[in-house]
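Chemist: Numbering of the sequence shown is given in our numbering, commencing with residue 29 and proceeding in unit increments.
Even glycine gets a Cβ: it sits at the ideal position worked out from N, Cα and C.
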Amino acid sequence: MDRIEISGVSATGYHGVFAHEKRDGQLFVVDVALTLDLRPAGCSDALSDTVNYAELAADVMRRIEGEPFDLIERLAEVIAADALARPLVQVVEVAVHKPQAPVGVPFGDVVVRVTRHRPVPVVIALGANLGDPLQTLTDVVAELPGIPGLAVTAVSPVVQSDPVGGPAQPAYLNAVLLGTWDGTAAALLRALHGVESAHHRTREIRWGARTLDLDLIQFGTPGSVAEVLSSDPALLLPHPRARERAFVLMPWAVIDPTATLRLGPGFSDPVANVGELAAGLSDPTRAGVRPGPAWPVEGAPTW
Numbered sequence: 029m030d031r032i033e034i035s036g037v038s039a040t041g042y043h044g045v046f047a048h049e050k051r052d053g054q055l056f057v058v059d060v061a062l063t064l065d066l067r068p069a070g071c072s073d074a075l076s077d078t079v080n081y082a083e084l085a086a087d088v089m090r091r092i093e094g095e096p097f098d099l100i101e102r103l104a105e106v107i108a109a110d111a112l113a114r115p116l117v118q119v120v121e122v123a124v125h126k127p128q129a130p131v132g133v134p135f136g137d138v139v140v141r142v143t144r145h146r147p148v149p150v151v152i153a154l155g156a157n158l159g160d161p162l163q164t165l166t167d168v169v170a171e172l173p174g175i176p177g178l179a180v181t182a183v184s185p186v187v188q189s190d191p192v193g194g195p196a197q198p199a200y201l202n203a204v205l206l207g208t209w210d211g212t213a214a215a216l217l218r219a220l221h222g223v224e225s226a227h228h229r230t231r232e233i234r235w236g237a238r239t240l241d242l243d244l245i246q247f248g249t250p251g252s253v254a255e256v257l258s259s260d261p262a263l264l265l266p267h268p269r270a271r272e273r274a275f276v277l278m279p280w281a282v283i284d285p286t287a288t289l290r291l292g293p294g295f296s297d298p299v300a301n302v303g304e305l306a307a308g309l310s311d312p313t314r315a316g317v318r319p320g321p322a323w324p325v326e327g328a329p330t331w
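#1: Between the C-alpha atoms of GLN188 and LEU103, what's the straight-line distance to the nearest angstrom?
#2: I need the straight-line Cα distance from GLY94 to ALA123, nearest angstrom please.
#3: Any heavy atom of the ligand FMN inside 7 Å of the beta-carbon of VAL133?
#4: Roughly how many angstroms lie between the CA atoms of PRO293 and GLY41, to the nearest whole one?
#5: Under a three-way DSSP split, which group does ALA179 fall into?
#6: Between which two residues does the alpha helix (DSSP H) harbouring ASP87 extend?
#7: What is the rounded straight-line gap between the Cα of ALA153 and the Cα of ARG31?
#8: Output the distance between the C-alpha atoms of GLY303 and ILE100, rounded to the nearest integer angstrom.
#9: Mark ARG51 as exposed unless 16 or more other C-beta atoms lie within 10 angstroms of its C-beta, in which case mark it buried.
#10: In the structure shown, what three-state DSSP assignment does PHE275 receive?
#11: Do you know offhand how far LEU205's Cα is from GLY70's?
#12: Between GLY320 and VAL186, how many whole angstroms is the CB-CB distance? I'm expecting something under 8 Å.
#13: If you reduce the DSSP assignment to three classes, tell me which class TRP323 lands in.
#14: Am I right that LEU240 and ALA156 are in contact with their C-beta atoms under 8 Å? What's the rounded C-beta distance?
#15: Counting pairs of Cβ atoms below 8 Å between the segment 276 to 284 and the segment 248 to 258, do you hit three or more?
#16: Could you round the C-beta distance between LEU263 and ALA213 to whole angstroms and report it? I think they count as a contact, below 8 Å.
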């Protein structure tokens with residue numbers, strides 16, 4: 029991704045917790061860095077394909093000189109939100125300097141820095157076949173919105189699936205969750221691993237039985253500027269086996285019939301409709317996935 033940076037936007041503002049700060053005002057200096065794809069602008073030479081940094085600077089000035097806040101943390105937050113209101117911006121970094129802050133000791137500067145991401149569509153697969161799998165999945169669906177930055181937008185019906193590979197083990201219960209995430213893919217994966225650990229997930233045997241399995245299937249809509257692809261063994265995106273897993277494709281297609289999946293980790297790899305991928309699986313593979321028990325909550329989706 030590319031960057032646009034504007035540094036040293038300065039104005040008098042009235043932000044602070046003390047009465048004299050709101051009465052007398054003081055100097056504030058703001059730096060903003062935007063992460064976005066500048067290739068279209070580089071090819072077209074059109075302002076509409078980039079961000080007008082004069083307008084951005086004017087927005088920053090308006091915030092500095094406008095509504096007074098107690099905290100520069102709040103000032104940084106609203107400046108970041110203004111930047112993300114521009115559709116091309118994927119990430120914004122804001123630094124608010126308060127060089128005349130009433131610190132009470134000699135100092136050079138006070139700076140608050142924040143980084144904010146545009147929420148990116150994500151697909152998460154859930155599975156369990158030990159303990160009480162339905163209760164585990166139900167608990168996890170309730171817990172995931174509690175992860176800061178993760179918003180759940182849809183949850184599929186529960187399906188039951190035969191184990192694929194590994195030792196003899198019970199059938200699985202599976203579901204697919206759609207959501208948005210306002211951080212990095214690596215940070216989301218770490219958060220999912222934390223949920224797995226809280227449910228006593230262990231990783232001794234590949235494809236072995238487990239209390240909980242949370243897989244990050246896709247990060248960003250294929251073809252969008254937010255799409256993340258990765259061949260890093262610690263973060264494979266899209267999930268390399270999602271295209272052949274009926275227990276992922278079939279429930280996913282139920283809640284999003286228009287969903288697409290890139291068929292490899294490169295931007296040159298083709299993109300296919302999820303429902304069509306599911307329909308193209310072998311009969312035995314599809315037969316290994318059956319309607320599962322209903323979610324034990326009112327208004328939950330059904331198969």
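Modeler: So, from the listed chains and residues:
#1: 49 Å
#2: 17 Å
#3: The ligand FMN is not among the ligands present in this structure, which contains no ligands whatsoever.
#4: 48 Å
#5: strand
#6: 81 to 93
#7: 33 Å
#8: 48 Å
#9: exposed
#10: helix
#11: 37 Å
#12: 4 Å
#13: coil
#14: 5 Å
#15: no
#16: 6 Å
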